[in-house]
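For the protein sequence lines, the chains are A and B, in the order given.
UniProt numbering puts the first residue of the first sequence at 1, with every later residue one more than the last.
UniProt numbering puts the first residue of the second sequence at 1, with every later residue one more than the last.
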Amino acid sequence: MFLSKKGVTSLPICPSGSVGCQVSLGNLFDRAVKLSHYIHSLSSEMFNEFDERYAQGRGFITKAINGCHTSSLTTPEDKEQAQQIHHEDLLNLVLGVLRSWNDPLLHLVSEVQSIKEAPDTILWKAVEIEEQNKRLLEGMEKIVGQVQPGEIENEVYSRWSGLPSLQMADEDSRLFAFYSLLHCLRRDSHKIDNYLKLLKCRLIHDSNC
Amino acid sequence: MDLRQLLLILALVCANDSLSTSEVILGRPQIIKCRSPEQETFSCHWTDRDFYNVTTPGTVQLLYMRRNDEEWKECPDYVTAGENSCYFNTSYTSIWITYCVKLINKDEVLDEKCFSVDEIVQPDPPVGLNWTLLNTSLTGIHADIQVRWDPPPSADVQKGWITLEYELQYKEANETKWRELEPMLTTVVPLYSLKLGRDYEVRVRSRQRTSEKFGEFSEALYVSLSSISSVLCNEEIQFPWLLIIVFGTFGLIVVMFLILFSKHRRLKMLILPPVPAPKIKGIDPDLLKKGKLDEVNSILASHDSYKPQLYNDDSWVEFIELDIDDPDEKTDGLDTDRLLGDDRCKSHNCLGVKDDDSGRASCCEPDIPETDFSASDTCDGTSDIDRSKKISEKEEDLLCLDQKDDDESHAIPADPTTWKPNTNIQSEDNQSKPPFADSIESTSPPVHTQLSNQSSVANIDFYAQVSDVTPAGSVVLSPGQTNKRRRTQCDAYTEPAIQCQPDFTMDNAYFCEADVKKCITATSHNAVEPRVQEQSFNEDVYFTTESLTTAAENPGAAAVEASSSEMPVPDYTSIHIVHSPQGLVLNATALPVPDKEFMISCGYVSTDQLNKIMP
Chain A
1 MFLSKKGVTS LPICPSGSVG CQVSLGNLFD RAVKLSHYIH SLSSEMFNEF DERYAQGRGF
61 ITKAINGCHT SSLTTPEDKE QAQQIHHEDL LNLVLGVLRS WNDPLLHLVS EVQSIKEAPD
121 TILWKAVEIE EQNKRLLEGM EKIVGQVQPG EIENEVYSRW SGLPSLQMAD EDSRLFAFYS
181 LLHCLRRDSH KIDNYLKLLK CRLIHDSNC
Chain B
1 MDLRQLLLIL ALVCANDSLS TSEVILGRPQ IIKCRSPEQE TFSCHWTDRD FYNVTTPGTV
61 QLLYMRRNDE EWKECPDYVT AGENSCYFNT SYTSIWITYC VKLINKDEVL DEKCFSVDEI
121 VQPDPPVGLN WTLLNTSLTG IHADIQVRWD PPPSADVQKG WITLEYELQY KEANETKWRE
181 LEPMLTTVVP LYSLKLGRDY EVRVRSRQRT SEKFGEFSEA LYVSLSSISS VLCNEEIQFP
241 WLLIIVFGTF GLIVVMFLIL FSKHRRLKML ILPPVPAPKI KGIDPDLLKK GKLDEVNSIL
301 ASHDSYKPQL YNDDSWVEFI ELDIDDPDEK TDGLDTDRLL GDDRCKSHNC LGVKDDDSGR
361 ASCCEPDIPE TDFSASDTCD GTSDIDRSKK ISEKEEDLLC LDQKDDDESH AIPADPTTWK
421 PNTNIQSEDN QSKPPFADSI ESTSPPVHTQ LSNQSSVANI DFYAQVSDVT PAGSVVLSPG
481 QTNKRRRTQC DAYTEPAIQC QPDFTMDNAY FCEADVKKCI TATSHNAVEP RVQEQSFNED
541 VYFTTESLTT AAENPGAAAV EASSSEMPVP DYTSIHIVHS PQGLVLNATA LPVPDKEFMI
601 SCGYVSTDQL NKIMP
């Protein structure tokens, strides 16, 4: 289980200015997997809490219909697809998804406070997820820098346009917007976690975890 | 598209409503659960009701729909997962996509569920459980074993597609409750301190690391440790105990001898302790040996705190009781009589009193001259703080009894000085003190002469008399003048009109209502206010400055009082204000006659009652 975030940040990656210092890819992947696992557990808990508290009896079953803003990114949907995709592409996809969540998470933190009687745990988790997501993004950029040095991919990510729905006056609609967003967050964090574990086993342990 | 979505929403909403109602109706098939063991395939199972089959056999269908689809599709495989199930293989399974399945029976929706595959992962149980013995303890009672297993074959952990967490449970073969270990990521775990000679069962289950639901348990592994213990000899287990006992006893004996020989003398002291010589605390025995009695006495006298130890309650009680029982007999031996006969011994030197067995001689308090107990240098004049308090408590009983006997022991009174403002003079009004005191003191001789004529019926020598004021402001009561004396004085000094009859039905030393009534009325004629001693609840007796002020305001009255020996010195003052519990303000005004109700209680008048008296 992932420890505190301080446990990760206190480890020096490379002192600034030093030449030739490189944290091994294995270590980078270990840290990335820990972070992604932590983010997924937080978003899972957050979604469950929100569901329990606000979604009961409101019939938010339309989650079956609505998609997430990251659906435009074609990510592998099962194991075969994930095995067939090239690891560089997969890494870039992971980066894309992470970048796509920068904006929504920022607004989630500010807007979730406007929910009536939002419990502190939800607020705290939103803040924590937003921070850790940034950290994971940095880590992933480092990994990409090591795996495919020199190549600068186009920054592919999905724009999020759900802010108005989070600020709607109608409470039911607003709560449903939060519900959808948290559901998508849980799903995408699970995706990222899975992809990173897959990549770690493939690249570091040679498919023999 | 939007219209279709809208229709779908409506359909789902309606389905949800029907769902809620269907749950109430018993006997309808329901989807028990949908489960994916490895995040690659999944299957759904539902219940079947017999009667349903009878009526409409085998028409139950499962439809599913993915988020991207537009219509419901039928289950691709009803067989692989068993009866009443639907199996979706890898080609039909997409992770992170929402599926909705519904159970229908000829267009009648029986049940419906929506989920995504990553939420329903419940792995198969681990396989290949086995155990090995790590080590056994020296005593041969406990052993450690290591259990290892393999992940379920269906789960692809090697490629990292799924990450598993395991939970192990074990118990003794004859127990019912399983003991759990914390979930772990490894497939090897040691079990410590299992008992040899017992059999254990071990089982493991797994779950995906990010979810909460565990899969099924593996089959229980049987760990038989009973076969191992037979190797050890019984004698080996017992042998150490004998050795321990023998060596222990030996060691104890050795230690005892050592103690005996080393602490020979001390032991002798312990076993046969010497008889302690008598010893007075604080007194250097050398002084006694050298025969310096004077020094010893001075030491004794100067140690206030030791005084009470010289007297315990018993001696006082004894002393008191004797007086009550045999008033006549005691009158002769009373100090007051002695005093009457003798010249007033001005010295407070207790040593001047001959030391009889009564013990009163040694309880003198030479440090308190205000006592003005010049009349008696006996224990009557003593004003030990603690003792006086004790006395005051006992005096209640004393005086009650005494009064009932209707025995007037009007010995020489301690003067009205008992009520001297010395008792609680507040600093602001110190000026009033001297004249007042003087006036009072000057009355003492006449009082003495007055009352000396009276028979010495002082069967009780000590009464609540204020003899000292402690720095804290509380009052030191010492044996002294009684109410009776007061009343007597009152009686003697009352103005012609009314005789201040002491009412001995009152058995309280503090506040005699009758006296109040009578004495107070007497004071109306008298400029000098009678002083009433009011016992506050804290047993502190004092006057407030106002009383003194009023007293001071009437110096003339005091002078009158002083000049005329015949003028009675009333002892009571009406109470003006009660600063309870700190004290009272005494007033010169006459009080109305208290009600009869006050006569009832043999106790002090409470402030409430006083308030009623007040005008």
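We put the CB at the ideal spot given by N, CA and C, even for glycine.
Sub-8 Å separation of residue i and residue j beta-carbons
i, j, result
"residue 136 (chain A)", "residue 39 (chain A)", "yes"
"residue 200 (chain B)", "residue 171 (chain B)", "yes"
"residue 181 (chain A)", "residue 104 (chain A)", "yes"
"residue 155 (chain B)", "residue 168 (chain B)", "no"
"residue 44 (chain B)", "residue 86 (chain B)", "yes"
"residue 136 (chain B)", "residue 117 (chain B)", "no"
"residue 204 (chain B)", "residue 226 (chain B)", "no"
"residue 97 (chain A)", "residue 192 (chain A)", "yes"
"residue 179 (chain A)", "residue 50 (chain A)", "yes"
"residue 144 (chain B)", "residue 129 (chain B)", "no"
"residue 152 (chain B)", "residue 206 (chain B)", "yes"
"residue 70 (chain A)", "residue 100 (chain A)", "yes"
"residue 223 (chain B)", "residue 202 (chain B)", "yes"
"residue 111 (chain B)", "residue 29 (chain B)", "yes"
"residue 200 (chain A)", "residue 160 (chain B)", "yes"
Inter-residue spacing [alpha-carbon to alpha-carbon] between residue i and residue j
i, j, result
"residue 147 (chain B)", "residue 258 (chain B)", "55 Å"
"residue 207 (chain A)", "residue 87 (chain A)", "13 Å"
"residue 265 (chain B)", "residue 255 (chain B)", "17 Å"
"residue 42 (chain A)", "residue 83 (chain B)", "38 Å"
"residue 47 (chain B)", "residue 32 (chain B)", "6 Å"
"residue 67 (chain A)", "residue 184 (chain A)", "8 Å"
"residue 157 (chain B)", "residue 41 (chain B)", "15 Å"
"residue 196 (chain A)", "residue 39 (chain B)", "16 Å"
"residue 95 (chain A)", "residue 176 (chain B)", "51 Å"
"residue 77 (chain B)", "residue 119 (chain B)", "21 Å"
"residue 150 (chain A)", "residue 140 (chain A)", "15 Å"
"residue 149 (chain B)", "residue 102 (chain B)", "38 Å"
"residue 110 (chain A)", "residue 30 (chain A)", "31 Å"
"residue 467 (chain B)", "residue 298 (chain B)", "22 Å"
"residue 268 (chain B)", "residue 245 (chain B)", "30 Å"
"residue 248 (chain B)", "residue 242 (chain B)", "10 Å"
"residue 645 (chain B)", "residue 277 (chain B)", "Nothing can be reported for residue 645 (chain B): it is not among the residues displayed for chain B, which extend from 1 to 615."
"residue 62 (chain B)", "residue 104 (chain B)", "6 Å"
"residue 37 (chain B)", "residue 169 (chain A)", "43 Å"
"residue 173 (chain A)", "residue 167 (chain A)", "9 Å"
"residue 82 (chain A)", "residue 119 (chain A)", "38 Å"
"residue 208 (chain B)", "residue 215 (chain B)", "9 Å"
"residue 72 (chain B)", "residue 184 (chain B)", "41 Å"
"residue 59 (chain B)", "residue 88 (chain B)", "20 Å"
Contacts that residue i makes with chain B (C-beta to C-beta distance below 9 Å)
i, result
"residue 216 (chain A)", "Because chain A is modelled from 1 through 209, residue 216 (chain A) falls outside the range shown and cannot be assessed."
"residue 37 (chain A)", "163, 209, 210"
"residue 44 (chain A)", "210, 211, 212"
Proximal chain B residues relative to residue i, where beta-carbon distance stays under 7 Å
i, result
"residue 191 (chain A)", "96"
DSSP beta-bridge partners of residue i
i, result
"residue 61 (chain B)", "B:104"
"residue 179 (chain B)", "B:170"
"residue 130 (chain B)", "B:148"
"residue 136 (chain B)", "B:143"
"residue 195 (chain B)", "B:142"
"residue 66 (chain B)", "B:99"
"residue 165 (chain B)", "B:207"
Listed by chain order, chain B residues near residue i by CB distance under 8 Å
i, result
"residue 78 (chain A)", "40, 90, 93, 94, 95"
"residue 187 (chain A)", "96, 116, 118"
Chain A residues whose Cβ lies nearer than 9 Å to that of residue i
i, result
"residue 161 (chain B)", "79, 82, 83, 194, 197, 198, 201"
"residue 158 (chain B)", "201, 205, 207, 208, 209"
Listed by chain order, chain A residues near residue i by CB distance under 7 Å
i, result
"residue 118 (chain B)", "190"
Exercise. With a cut-off of 8 Å, do at least 3 Cβ pairs link the segment 23 to 42 of chain A to the segment 140 to 148 of chain A?
Worked result: yes
For this session: Decide if the segment 97 to 111 of chain B is in contact with the segment 121 to 128 of chain B; the criterion is three or more beta carbon pairs, one per stretch, under 8 Å apart.
Result: no
Exercise. How about the segment 122 to 141 of chain A and the segment 42 to 54 of chain A: do they share at least three Cβ pairs that are nearer than 8 Å?
Worked result: yes
For this session: Decide yes or no for the touch test of the segment 152 to 169 of chain A against the segment 49 to 58 of chain A: beta carbon pairs closer than 8 Å, at least 3 of them.
Result: no
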